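Q: Numbering (the UniProt record's numbering), first residue to last: 1 to 685. From the three backbone atoms N, C-alpha and C, an ideal C-beta is built for every residue, glycine too. Since the structure is predicted, the reported quantities are computational estimates derived from the model, not experimental observations.
#1: With the cut-off set at 9 angstroms, would you say residue 316 and residue 242 are in Cβ contact?
#2: Using a 10 Å radius around the Cβ and a threshold of 16 neighbouring Cβ atoms, would you call residue 59 buried or exposed?
#3: What separation, rounded to the nearest whole angstrom, lies between the Cα atoms of residue 40 and residue 93?
#4: Expressed to the nearest angstrom, what Euclidean distance is found between the alpha-carbon atoms of residue 367 and residue 267?
#5: Taking three-plus beta-carbon pairs below 8 angstroms as touching, is the stretch 409–417 in contact with the stretch 186–206?
#6: Going by C-alpha distance, which of 304, 291 and 423 is nearest residue 168?
#7: What does the Cβ neighbour count give for residue 257, buried or exposed, with the cut at 16 atoms within 10 Å?
#8: Kindly identify the DSSP beta-bridge partner or partners of residue 296.
#9: Could you tell me which whole beta strand (DSSP E) segments of length 3 or greater appear in the stretch 213–287?
#10: Let me make sure I understand the geometry here. Which of 6, 322, 271 and 364 has the alpha-carbon closest to that of residue 97?
#11: Over the uninterrupted alpha helix (DSSP H) stretch that includes residue 185, give me the two end residues.
#12: Rounding to the nearest angstrom, what Cα-Cα distance links residue 226 and residue 112 in this structure?
#13: When DSSP labels each residue in this structure, what does residue 322 get in the three-state scheme?
#14: To the nearest angstrom, how far is the alpha carbon of residue 657 from that of residue 458?
#15: Please identify the residue among 561, 542, 62 and 191 whose C-alpha is closest to the C-alpha of residue 180.
#16: So what does residue 84 bridge to, in DSSP terms?
#17: Could you name each continuous alpha helix (DSSP H) segment of 4 residues or more that falls completely within the stretch 577–665, going from the start of the chain to the end?
#18: Let me know if residue 187 comes out buried or exposed under the rule of 16 or more other beta-carbons within 10 Å of its beta-carbon.
#19: Counting pairs of beta carbons, one from the stretch 619–630 and one from the stretch 491–504, are three or more of them closer than 8 angstroms?
#20: Thinking just about the alpha-carbon of each residue, which of 68, 19 and 394 is nearest to the one in residue 29?
#21: Quick check on DSSP: helix, strand or coil for residue 172?
#22: Run through DSSP, which three-state label would residue 404 get?
#23: Residue 642: buried (16+ other C-beta within 10 angstroms of its C-beta) or exposed?
#24: By the three-class DSSP mapping on this structure, what secondary structure does residue 548 have?
#25: So, are the CB atoms of residue 532 and residue 395 less than 9 angstroms apart?
#26: Let's test the definition: count the other Cβ atoms within 10 Å of the Cβ of residue 330 and tell me whether it reaches 16, buried, or not, exposed.
#27: The beta strand (DSSP E) spanning residue 59 covers which residue range?
#28: If we ignore side chains and look at the alpha-carbon of each, how far apart do residue 264 and residue 670 end up?
#29: So what does residue 427 bridge to, in DSSP terms?
#30: Report back the beta-carbon spacing between residue 602 and residue 566 to the nearest angstrom; my notes put them in contact at under 8 angstroms.
#31: Check residue 416 in the structure and name its three-state DSSP category.
#32: Rank 228, 42 and 390 by C-alpha distance to the C-alpha of residue 338 and give the top, closest one.
#33: Buried or exposed for residue 535, please, with buried defined as at least 16 other CB atoms from any protein chain shown within 10 angstroms of its CB.
#34: Go ahead and label residue 170 buried or exposed: buried means 16 or more other beta carbons lie within 10 angstroms of its beta carbon, across all protein chains shown.
#35: Is the separation between the beta-carbon of residue 248 and that of residue 354 shorter than 9 angstroms?
Here it is as structure tokens:
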């Protein structure tokens, strides 16, 4: 007999027989991993035999190849909450149930099953990393944070099949978009994804981590997560936050004082102008007013930026030491919201990898940039190896003054929120491969499972270690600072980039103390420079561009045409007045339709030969673009010494350092020699 956990006066008979009222009942098939074996099982109907004692239970039946073998245990719960445990299809949501009561013969019966009982494809041993103990009935998954090991074998009720590419492609092909679908459904073209809301506020990230872990039976809380993070605070972390807060708070106060002074001066000049009749004096006063207003506007922008930065670090107000900061971070619903330091530190502490999808980029039409290739913890980078127990997908939405995280789950029957590598949806693996691994891979290249996955797909990765990247896996070039750039600011350009502040764009970063630099404020706020990232991109259509005596609409038009220069007819189709000269998409189509034509023969420059001349041509074209268009030159110069990366979508794309563009910037910034005039005596007539 098995004793009830709810009421110890109730005992369940241990029998393999199917209950009479469960015969011929249709039931959903669940999967579980128990005693080192993945099994199938079904539940019988609700049994109200002990309703008077507020208990309802379900028989658990072991299944194999579509047939029920035997009853192996009981799921029990309180009758008064029974209806709340059902999903939209009327099936029991086992996520909401406590651990089952297994019969004494269950272990031997399950052990006798053939190995092909598994409903999961692939190698069972690869499904989850776990510590095995043949003398024990339990397995403790790596990454679990509970201090005690269960004395009963735990059902992993959320076990997911390892998805193949064919299965993933089929899932995508069957997708039909509906207005009721959430943005993740539309982006990944599958109805299997859900977004799990949380309490929001400053706890949203911590709550998302909590919910993800709970889906794999790892119990934790926002408070526990915050306290664990707070324990990582040391003098270095405290000093960094403190210095930034003092810098920005001081800057805000200074700029506010200057604004007050400029406003007072404006009022004084205004009165003087009104009382002046002398034309020249009035003109001088008007000039003074314009100069003062210009200073006021610039300072006002600076003040607004300082105000935002102070709000970002507002949690540091009244924080005077490490102890104070630990208290602030550990406070549930407090002022501290998870930032980059929190995200990468929690990855290390919980041995998880966050897969962050940007809802903001999706809504702005930048689907190529939805997957965020995030920063990495320095300790992980120094170790050179990362083996996360789980991957947790997050929906990330950025608004003007805040950001919000929610958990993305997969399979609406079980709402799984944390995945082993094998369980991770195949499309997510593909996206990580395409967006974060095909080029300088950063953190993902330290994960053996992803290295193997990349190699299977014909992609060779190169490791990133502490000596080459002490900061992030955001695909930033790993070479050191040069005369052309400094990595304290990283800008990413793309022909579909959103107009956001520097550092807020995909793949971008900026040292906080540089956010109020004059050139940064100018790019962020000057209406003349809206969409400046798009304008720096080689596909941007410009009003003036003459190269090699011909007019072009963009640098890209010129570069596409260059392979066909021996063919005058085809080459001219790319020029400004040519067949595809006004449309970049048509230019790409013309290029792709002709580049492999064997009939063109020598009229197409050989790929190997073109590779030798490509970067020289690109630098020449970029130089022409920025010397012939004054506003574009100003934009490029305002990027200062920032490292400029360019994002190229599609197969074979990725993120590259735009070395030619930065060389052109250096040339434009170089002091020009003043022209000299040779004086000759005037000859008398």
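A: According to the structure data:
#1: yes
#2: buried
#3: 16 angstroms
#4: 50 angstroms
#5: yes
#6: 423
#7: exposed
#8: BP columns for residue 296 are empty, so no partner.
#9: none
#10: 6
#11: 183–188
#12: 45 angstroms
#13: helix
#14: 23 angstroms
#15: 191
#16: The partner list for residue 84 (beta bridge, DSSP) is empty, contrary to what the question assumes.
#17: 584–594, 607–627 and 630–638
#18: buried
#19: no
#20: 68
#21: helix
#22: strand
#23: buried
#24: coil
#25: no
#26: buried
#27: 55–64
#28: 40 angstroms
#29: For residue 427, which the question treats as bridged, DSSP gives no partner whatsoever.
#30: 6 angstroms
#31: strand
#32: 228
#33: buried
#34: exposed
#35: no
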